[in-house]
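Let me begin by presenting the structure, written as structure tokens, before commenting on it.
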Amino acid sequence: MQSDTFTHILMLCCSILLIVNGMLSYASSGPAIFMSSLFIIIGLGLLLVTLRLIIQHHAHKQ
């Protein structure tokens, strides 16, 4: 389906943006470090889920 591919691309972009946002946080206060690490963890989790969905989608197509 075309909508599945578009959804996977959007999820991939969101996960990359979350990871980059977490890495580029320059504040060194406690809450900022917590939010930065939270963004990185959520971004990595979303990236893993997205890659898994993409692999399943392509395996199901064949």
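Letter by letter, the sequence shown follows residues 24 to 85 of my numbering. From the three backbone atoms N, C-alpha and C, an ideal C-beta is built for every residue, glycine too.
To the nearest angstrom, how far is the alpha carbon of residue i from that of residue j?
{"i": "Met34", "j": "His81", "result": "16 Å"}
{"i": "Leu69", "j": "Ala50", "result": "24 Å"}
{"i": "Leu47", "j": "Met58", "result": "12 Å"}
{"i": "Asn44", "j": "Pro54", "result": "15 Å"}
{"i": "His31", "j": "Leu61", "result": "22 Å"}
{"i": "Phe29", "j": "Gln85", "result": "19 Å"}
{"i": "Leu76", "j": "Cys36", "result": "14 Å"}
Taking Cβ to Cβ, would you say residue i is nearer than 8 Å to residue j?
{"i": "Ile42", "j": "Ile63", "result": "yes"}
{"i": "Thr73", "j": "Ser38", "result": "yes"}
Use the C-beta contact count for residue i: other C-beta atoms within 10 angstroms, 16 or more gives buried, fewer gives exposed.
{"i": "Val66", "result": "For clarity, residue 66 is Gly in the given sequence; the question names Val instead. With 16 or more other Cβ atoms within 10 Å, it is buried."}
How about residue i: is its C-beta nearer than 8 Å to some C-beta of chain D?
{"i": "Ile32", "result": "This model lacks chain D altogether; it includes just one protein chain."}
Just curious, the alpha helix (DSSP H) that residue i is in, first and last residue?
{"i": "Leu61", "result": "Gly53 to Lys84"}
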